[in-house]
Amino acid sequence: MAGFFSLLRRLYLTAYNFTLFVGWFQVLFTVLKTLKESGHENVYHAAEKPLLFAQTAAVLENDEGLVRSPVTATVPQIGSRLFLVWGILWSFPETRTHLLVISLLISWSITEIIRYLFFGLKEAFGSAPSWLLWLRYSTFLVLYLTGISSEVGLIYIALPFIKASDKYCIRMPNKWNFSFDYYCAAIAIMGIYVPGSPHMYTYMLAQRKRALSKSKKD
Amino acid sequence: MKVAVVSRSGREVVKGGIQLDDSATVADLQEAIHKRTKKHPSRQRLTLPVQPGSKERPVVLNYKKSLKDFTSGNSETLTVVFKDLGPQVSYRTLFFFEYLGPLLLYPVFYYFPVYQYFGYKGERVIHPVQTYALYYWCFHYAKRILETFFVHRFSHATSPLSNVFRNCAYYWTFGSYIAYYVNHPHYTPVGDLQMKIGFGFGILCQISNFYCHIILKNLRRPDGEGGYQIPKGFLFNIVTCANYTTEIYQWLGFNIATQTIAGYIFLVVATFIMTNWAFAKHRRLKKLFDGKDGRPRYPRRWIILPPFL
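Top to bottom, those sequences are chains A and B.
Heads up: the first sequence begins at 1 in my numbering, then just goes up one per residue.
Heads up: the second sequence begins at 1001 in my numbering, then just goes up one per residue.
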């Protein structure tokens, strides 16, 4: 029985990783194709569906334990991505035509294509080629920087639109004496990036060192 | 007796080791390490070495015991593992600064025209519930500070300095967050009866909480020693951590009377933290009082929130 469940789990994880691999591949492909054929203003519109699908599905990673990373690393990472996708790009269409959308989507999709391919192969065959392992733990050196600058840049660009609209805001007076200001929340989130991104970067550097030195030994 | 002091990686911390009398206590050793390394005894954690790879917890050297208690047989040498815990503060200092923040910050929102900086112009009408809430709040934190100095007995003398920053951030931020809403110019009060029930229940819980703290104090000897005891009397006959139960319920009373989401968020977070502590304490007491070898057996009790936990 236990063997059956572990097989089922492996099948599920393999399917999950390859589905998201395909999803992010579609994002990258659509971005590049649209960029070539019609210009950067249309990129978001073309890639929206696979992007929303692939990034939202990452929520499953947290409670499924698909990726064995500490919660302090995965929750802010997935949370900030969801905020960008739903809270900025989807909610404020004015931001979608900006050039930063291109660097954002390219950075994210290359990272995720490599990551899901790596985990998918590991689940399916028990191992992944060493060049893929190297890519998995090296591309972030550049792509994390471009990705995170695009994220912060896009939030900054969205700020005047957030302020002008009353979207997602709760104002007093109300029975439960509560208020919420999306503009302040967005600024606070930008503030979290200040200590958050160096923390994540050093965490990933440590992971890189561990993973690559381990593979050398094997 | 010759004591070798090494770090966890095995490096020698005190060059050449330390020569001590055979009658020396751990405290004497700590004093000697203090002289050589300039690290105060409160930040020294001394343990016996464990076998590499072993999952066992190392034995911590209690400062009151004699060094002889930790040597095997008649051995004239002892190796201890030294860990620097970093700068320490006393628990009294930690608690005092934690509670001072809310005690001082809350009245700022009540008395001073802070809301004009948040974009609210014009006169502010103060509801009676806001005034009562101010008294309730200040009474609560004044009570906590007074208890820290005149009631509590601490089993651990010190806490790492970094905890001061972490805990102050928690208390000061939440205090200001709640104060902002309760004293807001657009605050909507609840009905008179609900307010009276909330504050009445809350005060009752605060008094019970104070009584719980007196009971806990009497479990320990004045020097903070005496180890763990089975708490008995009053609500402790039902709940292991009645002090947390009453603390949680007094915040519930405050929230019933003032009705802010901010207050309820604080209640949930505080309950979560205290529940973790309560489970740890309950487990420790059950393990300690297992009913074997003449030890009393820990009675069946709720942990923190009857009738659920």
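Where is the CB? At the ideal position from N, CA and C, for every residue including glycine.
- Excluding the 5 residues flanking it on each side, residue 1063 of chain B has same chain C-beta neighbours closer than 8 angstroms at 1025, 1026, 1027, 1030, 1041, in chain order.
- About 5 angstroms separates the Cβ atoms of residue 1262 of chain B and residue 1178 of chain B, confirming a contact at the 8 angstroms cut-off.
- Residues of the region 170–197 of chain A that bring their beta carbon within less than 7 angstroms of a beta carbon in chain B comprise 172, 173, 174, 175, 176, 177, 178, in sequence order.
- Taking 8 angstroms as the upper bound on Cβ-Cβ separation, chain A lies near residues 1181, 1182, 1184, 1186, 1187, 1188 of the region 1177–1196 of chain B.
- Unbroken alpha helix (DSSP H) stretches of 4 residues or longer found wholly inside the region 1024–1061 of chain B: 1026–1037, given in chain order.
- Listed in chain order, the alpha helix (DSSP H) elements of length 4 or more contained wholly in the region 116–169 of chain A are 130–136, 140–164.
- Separation of residue 56 of chain A and residue 142 of chain A (C-alpha to C-alpha, rounded to the nearest whole angstrom) is 24 angstroms.
- Residue 1013 of chain B is positioned such that its CB atom lies closer than 9 angstroms to that of residue 1082 of chain B.
- Nearest to residue 1127 of chain B by alpha-carbon distance, out of B:1295, B:1110, B:1163, B:1075, is B:1110.
- Per the C-alpha coordinates, the member of B:1151, B:1173, B:1184, B:1162 positioned closest to residue 1210 of chain B is B:1151.
- In terms of beta-carbon proximity, residue 1262 of chain B lines the interface with chain A, with at least one pair separated by less than 9 angstroms.
- If you look at residue 1002 of chain B, you'll find it in the beta strand (DSSP E) that goes 1002–1006.
- For residue 128 of chain A, the closest C-alpha among the options A:139, A:140, A:115 is that of A:115.
- When secondary structure is reduced to three states using DSSP, residue 1172 of chain B falls in the helix class.
- Ranking B:1184, B:1167, B:1125, B:1172 by CA distance to the CA of residue 172 of chain A puts B:1184 first.
- Exclusion of the five residues before and after residue 1253 of chain B leaves 1198, 1199, 1201, 1202, 1205 as the residues of its chain whose Cβ lies within less than 7 angstroms of its Cβ.
- Under a criterion of Cβ atoms nearer than 8 angstroms, no residue of chain A is adjacent to residue 1130 of chain B; the nearest Cβ is some 11 angstroms distant.
- In this structure, residue 1288 of chain B and residue 1244 of chain B do not form a Cβ contact; the two beta carbons are roughly 19 angstroms apart against a cut-off of 8 angstroms.
- Using a Cβ-Cβ cut-off of 9 angstroms, residue 1173 of chain B does not count as an interface residue toward chain A, since no Cβ of chain A sits closer than that to its own.
- For residue 1269 of chain B, the three-state secondary structure derived from DSSP is helix.
- In the same chain as residue 1256 of chain B, and ignoring 5 residues on each side of it, the C-beta atoms closer than 6 angstroms to its own belong to 1198, in chain order.
- Within the DSSP secondary-structure output, residue 82 of chain A pairs in no beta bridge.
- For residue 150 of chain A, the number of other beta carbons within 10 angstroms of its own is at least 16, and it is reported as buried.
- For residue 5 of chain A, the enclosing alpha helix (DSSP H) starts and ends at 2–37.
- For residue 1100 of chain B, the enclosing alpha helix (DSSP H) covers residues 1091–1111.
- Secondary structure within the region 1148–1225 of chain B: the beta strand (DSSP E) runs of 3 or more consecutive residues, fully enclosed, are 1158–1160 (chain order).
- Using a C-beta cut-off of 8 angstroms, the region 1227–1242 of chain B makes contact with the region 1289–1302 of chain B, since at least three inter-stretch Cβ pairs fall below that distance.
- In this structure, residue 161 of chain A lies away from residue 170 of chain A, with their beta-carbon atoms at least 9 angstroms apart.
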